[in-house]
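J.: Here's a structure for you.
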Amino acid sequence: MAQLVAACLAPGSLLLLAARSVGVLGELEDELCAAYPELRVQALPADLGTDEGLQHVARDAADALRRHHDGARLQRLLLLNNAG
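With mature numbering (1 follows the signal peptide of the UniProt record, and there is no 0) applied, the sequence shown corresponds to residues -26 to -1, 1 to 58, in that order.
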């Protein structure tokens, strides 16, 4: 699913990938960064089925937005859960 979505996003978009599987998520992040260098991709390992996981992703998503929004206009921000 993430590969299909990444192919449709405009350059300058931020794609946040959330999943519990850290290893698979990291591989997916690397794959998407290589295939779509015009996108900003950030892995957010967490379990969104828990309150702690939700808080973790919300905090990390806000940090990623600040980090990747370098003054240029952000085209889209999309969070994919269960991305790995």
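Built from N, CA and C at the ideal position, the CB exists for glycine as well. Remember, predicted model here, so these are calculated numbers, not experimental data.
Using 8 Å as the cut-off, can you tell me whether the stretch 33 to 45 makes contact with the stretch 2 to 13, which would need three or more C-beta pairs spanning the two stretches below that distance?
T.: In short, these stretches do not touch, since the Cβ pair count stays below three.
J.: Would you call P19 buried or exposed, if buried means 16 or more other Cβ atoms sit within 10 Å of its Cβ?
T.: Classification for P19: buried.
J.: Go to Q16, then tell me how far its beta strand (DSSP E) extends in each direction, as first and last residue.
T.: Per DSSP, Q16 belongs to the beta strand (DSSP E) from 14 to 19.
J.: Grouping DSSP H, G and I as helix and E and B as strand, with all else coil, what is L48?
T.: L48 falls in the coil class under three-state DSSP.
J.: For N55, which option in C(-19), D37, L2 has the closest C-alpha, if you only look at C-alpha atoms?
T.: Closest option to N55, Cα to Cα, is L2.
J.: Rank G(-4), R(-7), L(-12) by C-alpha distance to the C-alpha of L6 and give the top, closest one.
T.: Checked all of G(-4), R(-7), L(-12); the closest Cα to L6 is L(-12).
J.: State yes or no: is the C-beta of D4 nearer than 7 Å to some heavy atom of the ligand GTP?
T.: Judged by which ligands are present, the structure shown has none, so any question about the ligand GTP falls away.
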